[in-house]
Amino acid sequence: MPIDAEKIHRETLVADLHCDTVLQMKRGYDIAQLHDTYHIDIPRLQKGGINLQVFACCICVCLPEGNRFAMADSMIDCLSENISANSNKIAVCRTASEAKQIIASGKIAAFLAIENGMAIENKLENIEYFYNKGVRYLTLTHVTSLDWCRSSADNRDNPGGLTDFGREVIAEMNRLGMIIDVSHINEASFFDVLDTTKQPIIASHSCAYSITPHNRNLTDEQLRGLAANGGIIGINFCTDFLSSDYAKKAGPVYKKYLSDLREIDRHYSDQMSEDAYQEKFSFLTPFANDVAANVGDSIPSSATVVDHIDHIVKLVGPDHVALGSDFDGIFITPADLGDCSQMPNITREMVRRGYAEEDIKKILGGNFMRVFREVCG
12 MPIDAEKIHR ETLVADLHCD TVLQMKRGYD IAQLHDTYHI DIPRLQKGGI NLQVFACCIC
72 VCLPEGNRFA MADSMIDCLS ENISANSNKI AVCRTASEAK QIIASGKIAA FLAIENGMAI
132 ENKLENIEYF YNKGVRYLTL THVTSLDWCR SSADNRDNPG GLTDFGREVI AEMNRLGMII
192 DVSHINEASF FDVLDTTKQP IIASHSCAYS ITPHNRNLTD EQLRGLAANG GIIGINFCTD
252 FLSSDYAKKA GPVYKKYLSD LREIDRHYSD QMSEDAYQEK FSFLTPFAND VAANVGDSIP
312 SSATVVDHID HIVKLVGPDH VALGSDFDGI FITPADLGDC SQMPNITREM VRRGYAEEDI
372 KKILGGNFMR VFREVCG
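12 is the number of the first residue of the sequence shown in our numbering; add one for each residue after it.
The following block contains the structure:
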């Protein structure tokens with residue numbers, strides 16, 4: 012009997028391991044309302060059948076030292092307030108069992124995360140502080156290195172990895188039951204984490220380097236190490252990470268806008284101010300139009316996302332791959348994944364390729380729930 016993609020998606024726990032929508036909430040974005048901009052709100056999560064959404068509080072590298080902990084704290088409060096204001100539709104989950112209860116009640120389970128270890132300001136006690144506020148994963152770095160963990164944005168051949176303090180961070184996260192996220196960290200740090208952790212880890216929003224050799228993606232060696240650890244990778248929807256052909260063709264378009272965007276970053280100390288966003292997004296329409304005009308035929312799709320899933324499944328099996336969209340943190344989305352409401356297209360593509368129903372359910376959410384349960388309870 013043919014597998015019914017719509018039925019599978021509707022009846023399966025679907026988890027998205029990463030979005031940056033909190034950045035918009037800080038500016039007053041109402042997640043209860045249906046929007047035609049950005050990528051995530053409650054109505055579109057419901058339409059897309061997403062039961063568990065990870066909301067990452069991304070700490071901008073432009074923030075001066077001494078302000079990073081406070082910004083993370085403020086973002087968590089903002090997210091928590093938005094969730095509380097919509098408690099009939101969404102609730103915070105701190106454990107996998109709590110998430111299942113929330114979902115069984117017909118609500119969306121909201122998982123709190125911090126992206127960028129800068130938030131702890133080199134104090135181990137700050138990890139427990141954030142844990143007590145409901146945070147259940149920490150992405151160790153972002154686009155710049157810390158003094159205790161190096162970013163993948165650095166030279167790929169840089170031998171630097173975790174310092175002694177970095178290993179203490181891993182041990183503390185293990186003690187608390189907080190998931191370690193290795194997206195954004197370099198290879199040396201990645202393998203140092205594997206050597207140190209006693210629990211499964213995740214790469215919440217990355218892709219396969221063998222398909223697209225980008226510094227944000229994981230090599231086959233890393234994927235094998237991740238699988239041996241019992242961890243998972245959430246496939247990122249960023250078009251640059253999905254397709255080398257797209258990235259090559261889009262490169263000249265990006266260069267036209269990059270210097271202006273960097274100048275805005277330098278000009279505004281508060282990247283979440285309305286003025287900064289208005290200036291940044293004044294570039295978005297012409298940028299998107301340029302991309303469509305110059306590389307429209309190369310823009311990835313849900314099929315490209317499943318290409319990365321295919322590679323990982325063939326390499327290490329179906330138990331170590333998930334979805335990590337990076338919605339609201341990316342400008343250009345795959346052609347048929349314009350926002351979270353279109354998540355069923357991935358299920359349809361997996362069904363079209365002949366994936367077993369059991370494996371589809373693992374990839375959509377079961378694999379993440381296993382790690383969530385093992386680490387957090």
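Yeah, the Cβ is synthetic: ideal placement off N, Cα and C, and Gly gets one too.
Going by DSSP, what residue range makes up the alpha helix (DSSP H) through Phe252? Residue range Thr250 to Leu253 is occupied by the alpha helix (DSSP H) that includes Phe252.
Rounding to the nearest angstrom, what Cα-Cα distance links Ala261 and Ser116 in this structure? Answer to the nearest angstrom: the Cα atoms are 44 angstroms apart.
Please report the straight-line C-alpha distance between Val386 and Leu187, rounded to a whole angstrom. Val386 and Leu187 have their alpha carbons spaced roughly 9 angstroms apart.
What number of angstroms, rounded off, separates the C-alpha of Asn240 from the C-alpha of Pro355? About 29 angstroms.
Report yes if the CB atom of Val316 is closer than 8 angstroms to the CB atom of Leu253, and no otherwise. With respect to Leu253, Val316 sits close: the two C-beta atoms are nearer than 8 angstroms.
Among Cys30, Glu109 and Asp330, the one whose alpha carbon lies nearest that of Thr344: Checked all of Cys30, Glu109 and Asp330; the closest Cα to Thr344 is Cys30.
Taking the alpha helix (DSSP H) that His319 falls in, what are its first and last residues? Unbroken alpha helix (DSSP H) run through His319: Ser313 to Val327.
Mind checking which residues open and close the alpha helix (DSSP H) that includes Ser108? Here the alpha helix (DSSP H) through Ser108 covers Ala107 to Ala115.
Does the Cβ-Cβ distance between Leu237 and Ala258 come in under 8 angstroms? In this structure, Ala258 does not lie closer than 8 angstroms to Leu237 by Cβ.
Tell me the rounded alpha-carbon separation between Tyr49 and Ile341. In a straight line, the C-alpha of Tyr49 is about 9 angstroms away from that of Ile341.
Where does the unbroken alpha helix (DSSP H) through Thr358 begin, and where does it stop? Membership of Thr358 in the alpha helix (DSSP H) is indicated by the continuous run Pro355 to Arg363.
What are the boundary residues of the beta strand (DSSP E) that includes Gly241? Counting along the chain, Gly241 falls outside any beta strand (DSSP E), and DSSP gives it neither H nor E.
Would you call the stretch 224–237 in contact with the stretch 177–186, where contact means no fewer than 3 C-beta pairs closer than 8 angstroms? Verdict: no, contact absent.
Can you give me the Cβ contacts of Ala124 inside the same chain, cut-off strictly under 6 angstroms, excluding the 5 residues immediately before and after it? Within the same chain, Ala124 has close Cβ partners Val65, Ala67 and Tyr148.
Do Asp347 and Ser309 have their CB atoms nearer than 8 angstroms? Pairing Asp347 with Ser309 gives a Cβ-Cβ distance that is not under 8 angstroms.
DSSP three-state assignment for Leu149, whether helix, strand or coil: For Leu149, the secondary structure class from DSSP, reduced to helix, strand or coil, is strand.
I want to know whether the stretch 148–158 touches the stretch 99–109 - three or more CB-CB distances under 8 angstroms. These segments do not touch.
Does DSSP put Leu123 in a helix, in a strand, or in coil? Strand, per DSSP.
Simplified DSSP assignment, three categories, for Gln210: Of the three classes helix, strand and coil, the one that applies to Gln210 here is coil, per DSSP.
Using 8 angstroms as the Cβ pair cut-off and three pairs as the minimum, do the stretch 125–145 and the stretch 34–43 touch? Because the criterion of three Cβ pairs below 8 angstroms is not met, the stretch 125–145 and the stretch 34–43 do not touch.
Does the structure place the stretch 372–388 close enough to the stretch 70–85 that three or more beta carbon pairs sit under 8 angstroms? Result no; under three Cβ-Cβ pairs closer than 8 angstroms.
Which one or two residues does DSSP pair with Phe338 in a beta bridge? Among the bridge pairs identified by DSSP, Phe338 is matched with Cys30.
Residue closest to Cys89, alpha-carbon to alpha-carbon, out of Ile14, Met36 and Asp337: Closest by alpha carbon: Met36.
Can the beta-carbon of Ser217 be found less than 8 angstroms from the beta-carbon of Ile244? Closer than 8 angstroms, so yes.
For a quick check, are the C-beta atoms of Phe338 and Ile70 less than 8 angstroms apart? The Cβ-Cβ distance between Phe338 and Ile70 does not fall below 8 angstroms.
Option in Arg273, Asn143 and Lys209 with minimal Cα separation from Arg105: Of the candidates Arg273, Asn143 and Lys209, Asn143 places its Cα closest to the Cα of Arg105.
How should Ala96 be labelled, buried or exposed, when 16 other C-beta atoms within 10 angstroms of its C-beta is the threshold for buried? Label assigned to Ala96: exposed.
Put Asp158 into one of helix, strand or coil per three-state DSSP. Three-state DSSP puts Asp158 in coil, outside helix and strand.
What distance in whole Å lies between the Cβ atoms of Cys249 and Gln27, which are believed to be in contact at a cut-off of 8 angstroms? The residue you asked about is not Gln; residue 27 is Asp in the sequence shown. About 14 angstroms separates the beta carbon of Asp27 from that of Cys249, a gap too long to meet the 8 angstroms contact definition.
Tell me which residue opens and which closes the alpha helix (DSSP H) that Gln57 is part of. Ile53 to Lys58 is the extent of the alpha helix (DSSP H) around Gln57.
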